[in-house]
Amino acid sequence: MAQEGSSGSSGSQGSAANVTHALKGIDFPASKQDIIKHAQNNNADQVVLDELKNLPDEQYNNMADVMKGFGQSK
-10 MAQEGSSGSS GSQGSAANVT HALKGIDFPA SKQDIIKHAQ NNNADQVVLD
40 ELKNLPDEQY NNMADVMKGF GQSK
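Following this note's numbering, the numbering of the sequence shown begins with -10 at its first residue and continues without gaps.
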């Protein structure tokens, strides 16, 4: 858990795995608010929650949609 800590690209790849973990078990489709609430219930860390709060406010049909939204939030 310490290899890519904060080396340059603050977050995107490291947090992608964390987001997947935070959203484990979520039912799609899900709104941005549903996604944030699910991550909070799964005790996601603040970095992940901040990333999720930057997602476009739309309906997500699957994890791929969420990850696509991540690319847009940067």
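Glycine included, each C-beta is placed from N, C-alpha and C at the ideal position. Values in this document were obtained by computation on a predicted structure and should not be read as measured data.
Residue i, enclosing alpha helix (DSSP H) - first and last residue
| i | result |
| --- | --- |
| residue 40 | 35 to 42 |
| residue 13 | Run containing residue 13: none; DSSP gives neither H nor E here. |
Beta-carbon contacts of residue i that lie in its chain and below 7 Å, excluding the five residues immediately before and after
| i | result |
| --- | --- |
| residue -5 | Here residue -5 scores only 39 on pLDDT, less than 50, and its place in the model should not be relied on; the value that follows carries that caveat. Within the same chain, residue -5 has no close Cβ partners at all. |
Cβ pair residue i, residue j closer than 7 Å
| i | j | result |
| --- | --- | --- |
| residue 4 | residue 47 | no |
| residue 17 | residue 51 | yes |
| residue 49 | residue 28 | no |
Classification of residue i by the beta-carbon crowding that lies within 10 angstroms, buried from 16 upward
| i | result |
| --- | --- |
| residue 11 | buried |
| residue 14 | exposed |
| residue -3 | No answer about residue -3 holds up, because its pLDDT of 39 lies below 50 and its placement is not dependable. |
| residue 6 | exposed |
| residue 37 | buried |
Neighbour flag for residue i against chain B, beta carbons, 7 Å
| i | result |
| --- | --- |
| residue 37 | Here there is only one protein chain, and chain B is not present. |
Chain-order list of residues whose beta-carbon lies under 8 Å from that of residue i (same chain, five-residue window excluded)
| i | result |
| --- | --- |
| residue 45 | 21, 58, 61 and 62 |
Close-in-space but distant-in-sequence residues of the same chain around residue i (CB under 6 Å, 5 per side omitted)
| i | result |
| --- | --- |
| residue 33 | 11 |
| residue 25 | 41 |
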